[in-house]
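The working numbering numbers the first residue of the first sequence as 188 and each following residue consecutively. See below for the structure under consideration.
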Amino acid sequence: MSTSSDIARVEVRVDQPLNLPLTLESGQAFRWHEADGVWSGFIRGELVTLERTDDGLSVQCSVPAVPGIQDAVQRYFRLDDDLPAIYEELCKDERLSEAIHQHWGLRILRQEPWECLTAFICSQNSNIPRIAKMQESLANDLGQTYTLGGIQRQGFPTPEALASAGEETLRTLALGYRAKYVAKTAEIVASGGLDLYTLRETSYDEAKATLMELPGVGAKVADCVLLFALDKLEAVPIDRWVRRAFEEWYLDGEELPYDKLLAWAHQTFNPNAGYAQQYLFFRRRQAKDKSLT
DNA sequence: ATTTGACCTGACTAT
DNA sequence: GGGTTCAGGTCAAAT
Numbered sequence: 188m189s190t191s192s193d194i195a196r197v198e199v200r201v202d203q204p205l206n207l208p209l210t211l212e213s214g215q216a217f218r219w220h221e222a223d224g225v226w227s228g229f230i231r232g233e234l235v236t237l238e239r240t241d242d243g244l245s246v247q248c249s250v251p252a253v254p255g256i257q258d259a260v261q262r263y264f265r266l267d268d269d270l271p272a273i274y275e276e277l278c279k280d281e282r283l284s285e286a287i288h289q290h291w292g293l294r295i296l297r298q299e300p301w302e303c304l305t306a307f308i309c310s311q312n313s314n315i316p317r318i319a320k321m322q323e324s325l326a327n328d329l330g331q332t333y334t335l336g337g338i339q340r341q342g343f344p345t346p347e348a349l350a351s352a353g354e355e356t357l358r359t360l361a362l363g364y365r366a367k368y369v370a371k372t373a374e375i376v377a378s379g380g381l382d383l384y385t386l387r388e389t390s391y392d393e394a395k396a397t398l399m400e401l402p403g404v405g406a407k408v409a410d411c412v413l414l415f416a417l418d419k420l421e422a423v424p425i426d427r428w429v430r431r432a433f434e435e436w437y438l439d440g441e442e443l444p445y446d447k448l449l450a451w452a453h454q455t456f457n458p459n460a461g462y463a464q465q466y467l468f469f470r471r472r473q474a475k476d477k478s479l480t
C-alpha cells in the first residue's frame, strides 16, 4: 500500500511548443491514459503522471525514481529539438504550413525501443484503437504491477516475458498472426541477439537494415521505431496516409514504391523529414472526409 | 525485380 | 448485424 510519502512531484519547465494530448494520442505511443487532465503512463520504465502547467509539466513519480526524472521527461518529449526553428524551415512549404498551424505543438517522442518495436509490429493491418488494446492486453497479462498514489498500471512486458509467453499465449491476447512475429522477435532480443539501444549510435541505414532482419519488421515498421525511439529524425514511416499525402499533394498522383518515396522525402524535407511526415500524416488524415486536395 | 494474395481481428460506416 | 469493408504491413510465392 503506497502512501503520499512515496510520491514526489517535480516541475519540468517547457520553453518549446508542446500540445500534450495531441502528442500523447498521435499514434506514436499507445499506453497513455487521461483522467481529469492528468495523464498516466511510463517514462523510462517508471510509472508517472503528467499535467500541463502554464510554463511546463508537473510530474509525479515514486520516490526511488526521482533522480533523473526531469532529464527523462525532457528526453521523452525531445525538448532539445528546436521546434520553432523546424517550423520556420518547414513552413516554407504550403501544405506543411497548414499542417503545422492546425497541429501546433505536436512533437516527436523518444520512446523506449522495445515497447515501440512491439507496438509497431502489432500495428500492421490494424488501427490505433486496436493497437492500444493489444498493448494494454500484453501489459495487463504479462507486465509488472506499478502503483502511484491511487493509480495502478502494468508496465510493458520485457522481451523475456514475451518470449516465455510464446506465440499461442499471444494469440489468446488477440494479436492474431502478429503473435508469431512478436514471439520470435522477443526471443531474439531476450537471447541477446540484438541490443536495441546500440542502434541509437549507428547510422540510419545500418540501424534500419538490422531492424528489418526481425520477423514482422518491414520498411515501414522499421521507420516508425527509428523515428519514435531510436533518434533518427530522417526516418519517414510511409503508411497509407503519408503515401496519399505525398502522391496527391506533391507528385501529381504518381505512384512510387516505398524506397522511391523515401528518397524523394529525404531530398525534399531533410534534415526534418521525420517531422514533416508526422505533420503531413495528420493533415492528410484529417482531410479524409472533406475531399480536400 | 515487381506484383499478388493470405493473414487475425476489432472498429467503422453504410445499407 | 454484416461486409467485393477497412485498418498507420509483412512475407512468400508467382510472374
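We put the CB at the ideal spot given by N, CA and C, even for glycine. None of the values given here were measured: they were computed from a predicted structure.
**Study point:** residue 220 - containing alpha helix (DSSP H), residue span
**Key:** From DSSP, residue 220 is part of no alpha helix (DSSP H) but of the beta strand (DSSP E) over 220–222.
**Study point:** Boundaries (first-last residue) of the beta strand (DSSP E) holding residue 233
**Key:** 233–240
**Study point:** Residue burial classification, residue 480 (beta-carbon count within 10 angstroms, cutoff 16)
**Key:** Note that residue 480 scores a pLDDT of 40, beneath 50, so its modelled location is shaky; the value from the coordinates is reported in the next line. Residue 480 should be labelled exposed.
Practice item. Use the C-beta contact count for residue 315: other C-beta atoms within 10 angstroms, 16 or more gives buried, fewer gives exposed. Key: exposed
Check your understanding: Around the C-beta of residue 398, are 16 or more other C-beta atoms found within 10 angstroms, so that it is buried, or is it exposed?
Key -> With 16 or more Cβ atoms within 10 Å of its Cβ, residue 398 is classed as buried.
**Study point:** Integer-rounded CB distance, given that residue 357 should sit under 8 angstroms from residue 369
**Key:** Sure, about 6 angstroms apart at Cβ, within 8 angstroms.
Point to revise | Nearest-angstrom Cβ-Cβ length linking residue 417 and residue 458, presumed shorter than 8 angstroms | key: Rounded, the Cβ-Cβ distance is 16 angstroms, inconsistent with contact.
Check your understanding: Comparing alpha-carbon positions, which option in 308, 337, 345 and 262 lies nearest residue 326?
Key -> Of 308, 337, 345 and 262, the residue nearest in Cα terms is 345.
Review point. CB residue 207 to CB residue 234, shorter than 8 angstroms?
Key: no
Review point. So which of 378, 255, 426 and 203 has the shortest CA-CA distance to residue 351?
Key: 378
Check your understanding: In chain order, what residues of the same chain lie with their CB nearer than 7 angstroms to the CB of residue 440, ignoring the 5 residues before and after it?
Key -> 434
Check your understanding: For the beta strand (DSSP E) that contains residue 194, what are its first and last residues?
Key -> 194–200
Exercise for review: Would you grab the beta carbon distance between residue 309 and residue 381 for me? Rounded to a whole angstrom, and I think it's under 8 angstroms.
Suggested key: With 8 angstroms as the limit, residue 309 and residue 381 do not qualify as a contact, their Cβ atoms being about 18 angstroms apart.
Check your understanding: Where do the ends of the alpha helix (DSSP H) carrying residue 353 lie?
Key -> 346–359
Point to revise | Identified DSSP bridge partners for residue 335 | key: 338
Exercise for review: Sort out for me which residues DSSP pairs residue 243 with in a bridge.
Suggested key: Residue pairing by DSSP places residue 243 opposite 200 and 240 in a beta bridge.
Check your understanding: Going by the CB atoms, is the gap between residue 289 and residue 306 shorter than 8 angstroms?
Key -> no
Practice item. For residue 375, name the three-state secondary structure that DSSP assigns. Key: helix
Review point. Any idea what DSSP makes of residue 248, helix, strand or coil?
Key: Three-state result, residue 248: strand.
Check your understanding: Which whole-angstrom value is the C-beta distance of residue 425 and residue 401, which I expect to be below 8 angstroms?
Key -> So it is not a contact: roughly 19 angstroms between Cβ atoms.
**Study point:** residue 461 (DSSP reduced to helix, strand or coil)
**Key:** Note: residue 461 maps to helix in three-state DSSP.
Exercise for review: Per DSSP, which residues does residue 315 bridge with? Please list them.
Suggested key: According to DSSP, residue 315 bridges with nothing at all.
Exercise for review: Inspect the beta-carbon positions of residue 266 and residue 203 and report whether they are closer than 8 angstroms.
Suggested key: At a Cβ-Cβ threshold of 8 angstroms, residue 266 and residue 203 count as neighbours.
Review point. Nearest to residue 341 by CA position, among 221, 384 and 229, is which residue?
Key: 229
Check your understanding: From 301, 205 and 438, pick the residue whose C-alpha is nearest to that of residue 242; which is it?
Key -> 205
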